[in-house]
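Enquirer: Could you have a look at this structure, given as structure tokens, before my questions?
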Amino acid sequence: MSRAFVRGIQTTTRTLMQFAGGVRPSDLISQNGGHGPEWEMAARIVTQAIEKADPRISVANIQGARAHFSSKDRADKQMVITIGLSTASGTRVGSVHVHMDGSFKFFPSRIGKEGGYDANISRARIAGHINNPEEEIAPETKDEKQGGGK
1 MSRAFVRGIQ
11 TTTRTLMQFA
21 GGVRPSDLIS
31 QNGGHGPEWE
41 MAARIVTQAI
51 EKADPRISVA
61 NIQGARAHFS
71 SKDRADKQMV
81 ITIGLSTASG
91 TRVGSVHVHM
101 DGSFKFFPSR
111 IGKEGGYDAN
121 ISRARIAGHI
131 NNPEEEIAPE
141 TKDEKQGGGK
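Residue 47 in full-length UniProt numbering sits at position 47 of the sequence shown, and the numbers go up by one each step.
Structural data, given as structure tokens:
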């Protein structure tokens, strides 16, 4: 058999976003009452879309099963589920705040910015992505980034 033919019939294996850590997507269902299935679906759809935008991001770590108001982005009046995002090698590239309606904000780490992860997510124009300009972040978060703080 020729190599070209064999290559043509091989299937491409694609790994889906792996959820790591103590909180599983199913925990979102049990911890958020009647809206649990909506939270779980939003988290899965957003993380899969992010992985598609940048396949280097392949690990998600849900940081608490209950929807909550963001302490990082006080201007955000919707409840969020916070999900940490990493590469397969464990490099943390940032976190994402997922809203129940499927919209989300990405907060890149320093590596996330330097490695172009945030640019790839923005360029992908994922449905529901809310750009996160620096001025939308709570003032004390900006001060902490600059070495100050309260």
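We put the beta carbon where it would ideally sit given N, CA and C, even for glycine.
Going by DSSP, name the residue or residues bridged to THR91.
Expert: Paired residues: none, contrary to the question.
Enquirer: With DSSP run on the structure shown, which of helix, strand or coil describes HIS35?
Expert: Looking at HIS35 - three-state DSSP - the assignment turns out to be helix.
Enquirer: Per DSSP, GLY84 forms a beta bridge with which residues?
Expert: In DSSP, GLY84 forms a bridge with ASN61 and SER95.
Enquirer: Let me know the secondary structure DSSP gives LYS77 once reduced to three states.
Expert: It is coil, neither helix nor strand.
Enquirer: Three or more C-beta pairs closer than 8 Å, one from the stretch 108 to 116 and one from the stretch 20 to 37: is that the case here?
Expert: No, because fewer than three Cβ pairs between the stretch 108 to 116 and the stretch 20 to 37 fall closer than 8 Å, the two stretches do not touch.
Enquirer: Kindly provide the ranges of any beta strand (DSSP E) runs that are 3 or more residues long and lie completely inside the stretch 104 to 137, ordered along the chain.
Expert: Within the stretch 104 to 137, the complete beta strand (DSSP E) runs of at least 3 residues are 104 to 108.
Enquirer: Using three-state DSSP, classify ALA67 as helix, strand or coil.
Expert: Three-state result, ALA67: coil.
Enquirer: Assuming GLY102 and GLY84 make a contact with CB atoms under 8 Å, what is their CB distance in whole Å?
Expert: No, GLY102 and GLY84 are not in contact; Cβ-Cβ is about 19 Å, not under 8 Å.
Enquirer: On a Cα-Cα basis, can you pick out the residue from ALA43, GLU51 and LYS113 that is closest to ALA65?
Expert: That would be ALA43, whose Cα lies nearest to the Cα of ALA65.
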